[in-house]
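Residue numbers (this note's numbering), protein chains in the order written: chain A, 1 to 194; chain B, 1001 to 1382.
Structure (structure tokens):
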């Protein structure tokens, strides 16, 4: 009798923990799809930007190809780290394109370009927030997965820890703001050119 | 409660707020108990009378009085609980819009939406929330407020002054503070408390509404009329209670009911409203500090929130809009003048101190500048 109650209690705890873990994993999946939506949104702005800037700076063809490649890689990426790396490449490429555009005052007067620039900044901020939501859910899921007795359930049913969506591959600061990056990168670009 | 410097996930707070919601609803039910008891007595009496009457009509009065009264009591109990539940349901069902009406908010037009709608959208992505309905309060005080019973149907209101005074990052910080509260169900709890406090203050407001025109006419006239009506009532009260006490030995049951009925107005006009205000004050101070911390978790920008709070505080309250029942819903205490009575917010120093512990770059210089900007804004308004 005692054993029966004990077994039942263990089963009950196991079921509850399994459900919590599964719910937590679903949350991270949902958060991930949020990132994908925002990345798609930004990627869809890229061709328009490239076309607009190309009209003024056709000689930067290598840069435009690089951006197109980064965009392609980002669209093809499916894993978290892949996507993060490709997203970083595209961000760097876009910043260089915007830095090129800086050199053409007539381009900066074009209404559609300004709008595009604002859209891109907004898209970047949306990605940053989506990334944060994802990382917070991953943190919750991973912490759950490391705790006892949940760790046993996780092993048994093949739950694996998920990686964070890092904004830089190595040594990224915790507080990485897209607008800071935007403001930092063009300066580098200019110094390289000079 | 964990200290603001520790990382803090909203999930624990959600559970805590759920618990608090039930406690608050329980207290509300307790405060309504006398009303329920009264309805119960009424229904019992009516039922007993009706049975007697029906009995007389049908078989000449062959009736067991005990059973009739018992039946009456059971029906009375069901009716009383039903009435209280119905009142609570009617009261809380539309609590969100009711609170908006209380604070004088209106839906944001498209120009205003353009000024802060996108910030809200982006923050909602970060918080994993559906976008709330955006509202604007026409007031030059810089403040923000959220209402609603669930994150799916939440309302986020900002004052016109907030949009004018603050920079983009600061608006973001304040909106994040409100969204954090929508997400962790602080908003639901506070909305329920607001609905509750307005209900509990209703008798006082009705009386005040009757006498206010007299005071507006002339304070002396008001005092005279209140005195002329009030003095005999107070005297009669004293007399009636002594009377009740005098026959407590002979007829204890009747005397207790008599004195209890006499004390009912005291209960309705003093105990209940004060109880409501105390619940509200006890509740929301802690919530505000936790919400500051969660907002920072979302924006990673403690300095912007600190600057925003100092600016908003320096810009001062809007004396034209004082609706006490909803004070605790705002980011900043809309009426810091009366905080000695039932404070609803931690002091601005406490909040800035907590933010400074998170971010050492928040300097006195920065806060002084923010303070000056807020004061300038106030002087421009007046």
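Virtual Cβ for every residue (Gly too), placed ideally from N, Cα, C. As the structure is a computational prediction, the values presented were derived from the model and not from experiment.
Inset, instruction - Mind listing the chain B neighbours of residue 119 of chain A? Cutoff is C-beta to C-beta under 9 angstroms, in chain order. - result: What you label residue 119 of chain A is simply residue 119 of the first chain in a count that begins at 1. Per Cβ cutoff of 9 angstroms: no residues; residue 119 of chain A is ~11 angstroms from chain B at best.
### Task
For residue 126 of chain A, go through chain B and note every residue whose CB falls closer than 7 angstroms to its CB, in chain order.
Translated into positions along the first chain, residue 126 of chain A becomes position 126. The answer, in chain order, is 1122, 1125.
Problem - Whole-number beta carbon distance between residue 133 of chain A and residue 31 of chain A, since they are thought to touch under 8 angstroms - result: Residue numbering aside, residue 31 of chain A sits at position 31 when the first chain is read from its first letter. Residue numbering aside, residue 133 of chain A sits at position 133 when the first chain is read from its first letter. Contact holds; Cβ gap of about 5 angstroms.
Exercise for the section: Please look up how many angstroms separate the CB atoms of residue 1326 of chain B and residue 1103 of chain B, rounded, as I've assumed it's under 8 angstroms. Expected result: Counted from its first residue, the second chain places residue 1326 of chain B at position 326. Counted from its first residue, the second chain places residue 1103 of chain B at position 103. Rounded, the Cβ-Cβ distance is 5 angstroms, consistent with contact.
query = Name the residues in the region 62-91 of chain A whose C-beta lies less than 7 angstroms from a C-beta of chain B; which are they?
reply = none
With distances taken from CA atoms, which of B:1108, B:1149, B:1173, B:1157 is nearest residue 1123 of chain B? As a position in the second chain, residue 1123 of chain B is number 123, starting the count at 1. Of B:1108, B:1149, B:1173, B:1157, the residue nearest in Cα terms is B:1173.
Q) Just how far apart, CA to CA, sit residue 1331 of chain B and residue 1099 of chain B? A) Along the second chain, read from residue 1 onward, the residue named residue 1331 of chain B stands at position 331. Along the second chain, read from residue 1 onward, the residue named residue 1099 of chain B stands at position 99. Whole-angstrom Cα-Cα distance: 15 angstroms.
Mapping DSSP to helix, strand and coil, what is residue 1137 of chain B?
-> The count along the second chain starts at 1 and reaches residue 1137 of chain B at position 137. Residue state, collapsed to three classes: strand.
| request: Quick one: grab the DSSP three-state call for residue 1157 of chain B. | output: Here residue 1157 of chain B refers to the residue found at position 157 when the second chain is read from its first residue. Three-state result, residue 1157 of chain B: strand.
Residue 133 of chain A touches chain B at which residues, Cβ-Cβ below 8 angstroms?
In the first chain, the residue the question calls residue 133 of chain A occupies position 133. In chain order: 1125, 1126, 1127, 1128.
Quiz item: Quick one: what's residue 1330 of chain B bridged to in DSSP?
Solution: Taking the first residue of the second chain as position 1, residue 1330 of chain B is located at position 330. For residue 1330 of chain B, which the question treats as bridged, DSSP gives the partners B:1145.
Worksheet entry | Below-9 angstroms beta-carbon distance, residue 1298 of chain B vs any chain A residue | For the purposes of this step, residue 1298 of chain B is identified with residue 298 of the second chain, where counting begins at 1. Closer than 9 angstroms to some Cβ of chain A, the Cβ of residue 1298 of chain B qualifies, so yes.
Legend entry - Partner residues on chain A for residue 1118 of chain B, Cβ-Cβ distance less than 7 angstroms: Your numbering for residue 1118 of chain B matches position 118 in the second chain. The contacting residues are 122.
Taking residue 34 of chain A as the query, report the chain B residues whose CB atoms sit under 9 angstroms from its CB, ordered along the chain. Stepping through the first chain from its first residue, residue 34 of chain A is reached at position 34. 1125, 1128, listed in chain order.
Q.
By DSSP's criteria, residue 1105 of chain B is part of a beta bridge. Which residues make up the other side?
A. For the purposes of this step, residue 1105 of chain B is identified with residue 105 of the second chain, where counting begins at 1. Paired residues: B:1137.
- [ ] Under 7 angstroms between beta-carbons, which chain B residues line up against residue 109 of chain A? List them in chain order, please.
- [x] Position 109 of the first chain, counted from the start, is the residue given in the question as residue 109 of chain A. Residues of chain B passing the Cβ test: none, with the nearest at roughly 22 angstroms.
| said: Which residue marks the beginning of the alpha helix (DSSP H) containing residue 1313 of chain B, and which one marks its end? | reply: Residue mapping note: residue 1313 of chain B aligns to position 313 of the second chain, counting from 1. Unbroken alpha helix (DSSP H) run through residue 1313 of chain B: 1302-1315.
### Message
Only counting the same chain, and skipping five residues up and downstream in sequence, which positions put a Cβ closer than 6 angstroms to that of residue 1312 of chain B?
### Response
Taking the second chain and counting its residues from 1, one reaches residue 1312 of chain B at position 312. Answer for residue 1312 of chain B: 1142, 1332, listed in chain order.
Residue 129 of chain A - DSSP class collapsed to helix/strand/coil
One-based indexing of the first chain puts residue 129 of chain A at position 129. DSSP places residue 129 of chain A in helix when its eight states are reduced to three.
**Item:** CA nearest to the CA of residue 1358 of chain B, picked from B:1373, B:1295, B:1343
**Value:** Working through the second chain from its first residue, we reach residue 1358 of chain B at position 358. For residue 1358 of chain B, the nearest C-alpha among the options comes from B:1295.
(Q) Rounded to whole angstroms, what is the Cα-Cα separation between residue 1298 of chain B and residue 1033 of chain B? (A) As a working note, residue 1298 of chain B is residue 298 in the second chain. As a working note, residue 1033 of chain B is residue 33 in the second chain. The straight-line gap from Cα to Cα measures roughly 43 angstroms.
By DSSP, does residue 115 of chain A sit in helix, in strand, or in coil? For this step, residue 115 of chain A is matched to residue 115 along the first chain. Residue state, collapsed to three classes: helix.
Practice prompt. Under 6 angstroms Cβ to Cβ from residue 98 of chain A, same chain only, skipping five residues before and after it: list those, please.
Written response: Along the first chain, one-based indexing puts residue 98 of chain A at 98. None.
### Query
If you run the structure through DSSP and keep just helix, strand and coil, what is residue 1365 of chain B?
As a position in the second chain, residue 1365 of chain B is number 365, starting the count at 1. Helix, per DSSP.
Next on the checklist: Closest to residue 48 of chain A by C-alpha separation, out of A:68, A:34, A:147, would be which residue?
Outcome noted: Residue numbering aside, residue 48 of chain A sits at position 48 when the first chain is read from its first letter. Measuring from the Cα of residue 48 of chain A, the nearest candidate turns out to be A:68.
- [ ] Excluding the 5 residues preceding and the 5 following residue 1373 of chain B in the sequence, name in chain order all residues of the same chain whose CB lies nearer than 8 angstroms to its CB.
- [x] Numbered from 1 along the second chain, position 373 holds the residue referred to as residue 1373 of chain B. So the qualifying residues of the chain are 1165, 1311, 1314.
message: By the DSSP assignment, the alpha helix (DSSP H) with residue 1121 of chain B in it spans what residues?
response: By one-based count along the second chain, residue 1121 of chain B stands at place 121. Residues 1110-1127.
Query raised in the report: What is the DSSP secondary structure of residue 1202 of chain B, reduced to helix, strand or coil?
Result: The sequence position of residue 1202 of chain B within the second chain is 202, counting from 1. Three-state DSSP puts residue 1202 of chain B in a helix.
What separation, rounded to the nearest whole angstrom, lies between the Cα atoms of residue 1366 of chain B and residue 1346 of chain B? Residue numbering aside, residue 1366 of chain B sits at position 366 when the second chain is read from its first letter. Residue numbering aside, residue 1346 of chain B sits at position 346 when the second chain is read from its first letter. Each residue's Cα considered, the two are about 21 angstroms apart.
Within 10 Å of its beta-carbon, does residue 1072 of chain B have 16 or more other beta-carbons around it, so buried, or fewer, so exposed? On the second chain, residue 1072 of chain B is found 72 positions in, with the first residue counted as 1. Answer is buried; the Cβ neighbour count reaches 16.
* Asked: Quick one, which of B:1291, B:1140, B:1196 has its alpha-carbon nearest residue 1184 of chain B's?
  -> The residue you call residue 1184 of chain B lines up with position 184 of the second chain. Out of B:1291, B:1140, B:1196, B:1291 has the C-alpha closest to the C-alpha of residue 1184 of chain B.
Under the three-state reduction of DSSP, which class applies to residue 1192 of chain B: helix, strand or coil?
Here the question's residue 1192 of chain B lines up with position 192 in the second chain. Reduced to three states, the DSSP call for residue 1192 of chain B is helix.
Margin query: Can you tell me where the alpha helix (DSSP H) holding residue 1173 of chain B begins and where it ends?
Written below: Within the second chain, the letter at position 173 stands for residue 1173 of chain B. Where residue 1173 of chain B is concerned, the enclosing alpha helix (DSSP H) stretches over 1168-1183.
How many whole angstroms separate the CB atoms of residue 1126 of chain B and residue 129 of chain A, which I take to be in contact at a CB cut-off of 8 angstroms? Walking along the second chain from the start, residue 1126 of chain B turns up at place 126. Walking along the first chain from the start, residue 129 of chain A turns up at place 129. That pair is a contact at about 3 angstroms.
On the criterion of 16 or more Cβ atoms from any shown chain inside 10 Å, does residue 1026 of chain B qualify as buried, or is it exposed? Position 26 of the second chain, counted from the start, is the residue given in the question as residue 1026 of chain B. With fewer than 16 other Cβ atoms within 10 Å, it is exposed.
Environment of residue 1045 of chain B [buried if 16+ CB atoms lie within 10 Å] = The count along the second chain starts at 1 and reaches residue 1045 of chain B at position 45. Under this definition residue 1045 of chain B is an exposed residue.
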